[in-house]
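One structure below.
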Amino acid sequence: MVLSSNEKRAFSRQQCREALAAHIHNRLGLVVAPSQVRLQPSAGDGYAWSVTDSKKSLLQSNLGSGSVGLYRSIREELGRSLEAVTPQTLQVAQSERDHLPKEETPPARSDKKESGSFTAKIRELECANREMSGELDRTRMHLKDFLREKNEMQAEILRLQGELGGVSSRASHLEDELVRVTRGIREAMQVLEVHQTREGSAAEHGEGQDVSVDSVDGTVLETPPFLIRVDAS
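So the sequence shown is numbered by UniProt numbering: it starts at 1 and just counts up by one.
What follows is the structure, given as structure tokens:
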């Protein structure tokens, strides 16, 4: 029996509804009649659809007005890029993606059936990515501080090297002065020794002359006296 295009679309739509209802029950434990399944449910329905960015177009149409291709794609993507989650989980995921503070988001429902879902995995990866981004920012701040300290230390080293160069130059100058003064003192001592030697020799020569003069004086004093004659007549 050959089905018309409308019959094919109705059959595909029914298969899609049944697949979605079964998926909701498997994931969340909710019993939803296939005829009541919607691609854009309200918060009161107890379920929501989480879909990757590349497959968002699957939720832009209503099941009642979809095409055979849309129904087929929905069935193929169930559990892969499209899955049922609680409204709270979807809200938390969207809030986390928008980097809202956690205290502004309602607590997510803990459901073992949601563990292992790609939505939970995406949330985990996004959380890890935020932590890594924060750690990277802190590392960059520390690196910036280290670079600033390094530059300050290098500047201090250059300053100390300059001072050391000046001290070394001054020490070299003082050493040259010390050598010059030492040489001058040595020469002065040599001159003093020569002068003292000459004075000693001169003193010894002066004592000999004094003795000679004394001997001459003694000779003069020892000259016999004149004889006085008395005339008898």
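Positions of the beta carbon are idealized from the N, C-alpha and C atoms, including for glycine.
Predicted model, so just to flag it, every value in this text is computed and none were measured.
Below 8 Å on the Cβ atoms is my guess for Trp49 versus Ala19; work out the distance and round it to an integer in Å.
-> Sequence index remark: in the sequence shown, residue 49 carries index 49 (1-based). Sequence index remark: in the sequence shown, residue 19 carries index 19 (1-based). About 13 Å separates the two Cβ atoms, so there is no contact after all.
Completely contained beta strand (DSSP E) runs for the region 24-77, where each covers 3 or more residues | 48-51
Specify whether the region 59-66 and the region 10-18 touch according to this definition: at least 3 beta carbon pairs, one from each stretch, less than 8 Å apart.
-> Contact between the region 59-66 and the region 10-18 is present, because at least three Cβ pairs lie under 8 Å.
Could you give the distance in angstroms between the alpha-carbon of Ser57 and the alpha-carbon of Ile74?
-> Against the sequence shown, residue 57 aligns to sequence position 57. Against the sequence shown, residue 74 aligns to sequence position 74. About 10 Å.
Assigned exposure category for His195 - 16 Cβ within 10 Å defines buried = In the sequence shown, the residue the question calls residue 195 occupies position 195. An exposed status is given to His195, since fewer than 16 other beta-carbon atoms sit within 10 Å of its beta-carbon.
Residue of Val32, Val68, Val37 minimising C-alpha distance to Lys8 = Against the sequence shown, residue 8 aligns to sequence position 8. Per the Cα distances, Val68.
Pairwise C-alpha distance: Lys55 and Tyr71 | The count along the sequence shown starts at 1 and reaches residue 71 at position 71. The count along the sequence shown starts at 1 and reaches residue 55 at position 55. Spanning the two alpha carbons is a distance of roughly 13 Å.
Using the beta-carbon count (16 or more within 10 Å), is Val181 buried or exposed?
-> By 1-based counting over the sequence shown, the position of residue 181 is 181. With fewer than 16 Cβ atoms within 10 Å of its Cβ, Val181 is classed as exposed.
Pick from Asp137, Ser95, Glu152, Asp145 that is closest to Glu126, judged by C-alpha positions | As a working mapping, residue 126 is identified with position 126 in the sequence shown. It is Ser95 whose Cα lies nearest to the Cα of Glu126.
Since Leu3 is in the beta strand (DSSP E), which residue starts that stretch and which ends it?
-> The count along the sequence shown starts at 1 and reaches residue 3 at position 3. Here Leu3 belongs to no beta strand (DSSP E), and DSSP marks it neither H nor E.
What are the partner residues of Ala84, as DSSP defines its beta bridges?
-> Looking up residue 84 in the sequence shown gives position 84. BP columns for Ala84 point to Trp49.
Does Asn151 come within less than 8 Å of chain B when only Cβ atoms are used?
-> No chain B appears in the structure shown, which is made up of a single protein chain.
Status (buried if at least 16 other CB within 10 Å, exposed otherwise) for Ile24 | Position 24 of the sequence shown holds residue 24. Buried, because 16 or more other Cβ atoms sit within 10 Å of the Cβ of Ile24.
Label Ala171 either buried or exposed according to how many other C-beta atoms from any shown protein chain fall within 10 Å of its C-beta, with 16 as the threshold for buried.
-> Locating residue 171 in the sequence shown gives position 171, counting from the first residue. Exposed is the call here.
Would you decide whether Leu178 is buried or exposed? Buried here means 16 or more other CB atoms lie within 10 Å of its CB.
-> Position 178 of the sequence shown, counted from the start, is the residue given in the question as residue 178. With fewer than 16 Cβ atoms within 10 Å of its Cβ, Leu178 is classed as exposed.
Mind listing, in chain order, the continuous beta strand (DSSP E) runs of no fewer than 3 residues lying wholly within the region 173-198?
-> Entirely contained in the region 173-198, not one beta strand (DSSP E) run reaches 3 residues.
To the nearest angstrom, how far is it from the Cα of Leu28 to the Cα of Thr86?
-> On the sequence shown, position 28 is the one that residue 28 refers to. On the sequence shown, position 86 is the one that residue 86 refers to. Leu28 and Thr86 have their C-alpha atoms spaced approximately 7 Å apart.
Buried versus exposed, by CB contacts within 10 Å (16 or more), Thr197 | For this step, residue 197 is matched to residue 197 along the sequence shown. Classification for Thr197: exposed.
Go ahead and pull the three-state DSSP assignment for Ser117.
-> Along the sequence shown, one-based indexing puts residue 117 at 117. Three-state result, Ser117: coil.
Same chain, Cβ closer than 6 Å to Gly46, five either side skipped, listed in chain order = By one-based count along the sequence shown, residue 46 stands at place 46. If we look at Gly46 and ignore the five residues flanking it on each side, its Cβ neighbours are Leu30.
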